[in-house]
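64 is the number that numbering that gives the first Met the number 0 gives to position 65 of the sequence shown; each next residue is one higher, with no gaps.
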Amino acid sequence: MNDADVVGGRWALAALSGRVIRQPVYVAGEIKNAWQSVDTKRKAKAEPKMQHGGDTRADSLYPFVRSSPLAVVVLGMAAIGQVPVSFHRCYKPLLSVCRSSLVYDVLLYCIFCVSYVCLLKDQLMTVLDPETKLDALLFCLESILALLPSIVNPWVWACATNFRKMMWNFAEYEESFLSVTNRSLRDRWTNGVRNLRLHVTMLFLFGGVGCIAGPYFAITERTKAIFSTYNVTSDDPYGNTYYYVPAAFLSLVSSSLFFLFTIAYFLQLRETAIALSEHIDQLRPGDTAGVRRAQKLWVSLRALFNDRPSFYLLDVFFMSQLFAMLLLSVSLWYDLSSAKMLVSASTQVIWMFVLSFQAYRMSDLAHGAVSAMHGPVTAALDRLSMDARDEHFHRAVLLFYMSVSSRPAHLSLSGFANIDRPLFTSIVSLTVTYLIILMQFRTDVSQQ
């Protein structure tokens, strides 16, 4: 075989493959530049298996997600039709017609919508009646507002992707924390998961019993006579209130589950911040690499605080609805107590206590999480800086200081208001101010 045959064979291969490059080849005992047919396409990497809307990375994080407090709440939200979840990953929110429980959610939503329409049909007639008394008007407005969360499920469905991002972002951080510190965060909220399971179960049980028994025991004949909001007959003494049960059950459970989801997330953030501060406090002076790894963990955790996925103002809606319900409950409690209707007034007291506790628990956990991100971390860095003798170590501690002080961690309602203890204090002060104004107004009216 001569040189021409070799080169001709190369060109034939090039023509068949369609890909040629010029590179040195061994021809007749010499190294020459020739056009050689080679496969210039990059070898395809092993692509992650796509299974039911999730890749291999998401599947590897699933054990962390399954053991988190958020998974318990998401399972309850899926049962009530509030959040669609994957068929193959029951803790994974997924907005898909074929691969999630969206059809089941839509069917439940239709039932709840019919119930809420029945409520609007009955109560709006009373609200729009010019002869309606103020007490009856407040009672109708409270009913409409209390059952309002039963029709916002499509709004929650639109946030399914953001729910999933929150859960998987935290699971990714949990994996990073384990690889750096060799400590698992899972043990820090084992009791919290157990308590959340109990709370969700009791919420469904007592919520259902309360919504069924409420129309028959909470609303007395005397209440109906004073408020004039129901047509009392001998055949049907309770009117059409049993039509409200589905919407009342969904509103009570869905709003409580959303607050439980927020509370569980804040609980995870607080425990993680405490664990990180304990890890920083155990660093030895001179451990420059350890300080840098701790700073990276702190910055990643700060992103879970400040850069949470948007809920499209859903958190603002639920907080506003809670505050409005609190004001209406205070007003009705005052009216019912003045009318010596202690049984009905006690129901408003219970409702005020539940609403206040939700706001307090969420504000307290958020305040604790933010405080754990700054106070203990700064104290640990102070201790390290005082014992710093190495220039590189001192610079690493200084950079960590700058990260903490330049952009502090915070939690907010879609950027409108920070969630902390002053928020709860503002809610309480506004409620007390409203009660004082209401008492003064009723006193002036009675004197005229």
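Beta carbons are placed, not taken as given, at the ideal position from N, Cα and C, and that holds for glycine.
In this text, all values refer to a predicted model and were calculated from it rather than measured experimentally.
Check: Cα-Cα separation, S16 to L312; Outcome: Legend: pLDDT at S16 = 46, less than 50; position of this residue unreliable, value from coordinates given subsequently. C-alpha separation (whole angstroms): 57 Å.
Check: Distance between S255 and L434 (C-alpha atoms, nearest Å); Outcome: 25 Å
Check: Where V431 sits in the DSSP three-state scheme; Outcome: helix
Check: For L60 and E174, the rounded distance between their alpha carbons; Outcome: 8 Å
Check: Any 3 or more C-beta pairs closer than 8 Å across the segment 413-424 and the segment 303-320; Outcome: yes
Check: When P407, E270, R185 and L144 are compared against F317, the one with the closest alpha-carbon; Outcome: L144
Check: For P92, three-class secondary structure by DSSP; Outcome: strand
Check: Beta-carbon spacing of L282, A293 below 8 Å; Outcome: yes
Check: In DSSP terms, what V84 is bridged to; Outcome: P92
Check: DSSP three-state assignment for W10, whether helix, strand or coil; Outcome: Low per-residue confidence applies at W10: pLDDT is 44, beneath 50, and the placement is therefore not dependable, though the value from the model is reported in the following sentence. Correct three-state label for W10: helix.
Check: Backbone CA spacing between V71 and L195 [nearest angstrom]; Outcome: 7 Å
Check: Those runs of the alpha helix (DSSP H) which lie wholly inside the segment 135-171 and span at least 4 residues; Outcome: 152-156
Check: As assigned by DSSP and simplified to three states, the class of S309; Outcome: coil
Check: Cα-Cα separation, S178 to I279; Outcome: 15 Å
Check: Whole-angstrom distance between R88 and F111, CA atom to CA atom; Outcome: 26 Å
Check: Buried or exposed (CB count within 10 angstroms, at least 16 for buried), S343; Outcome: buried
Check: Expected contact under 8 Å - CB spacing of S67 and Q267 to nearest Å; Outcome: 7 Å
Check: CA nearest to the CA of S253, picked from F423, D104, S428 and K295; Outcome: D104
Check: Whether P308 touches K164 by CB criterion (8 Å); Outcome: yes
Check: The segment 417-430 touching the segment 396-404, judged by at least three CB pairs closer than 8 Å; Outcome: no
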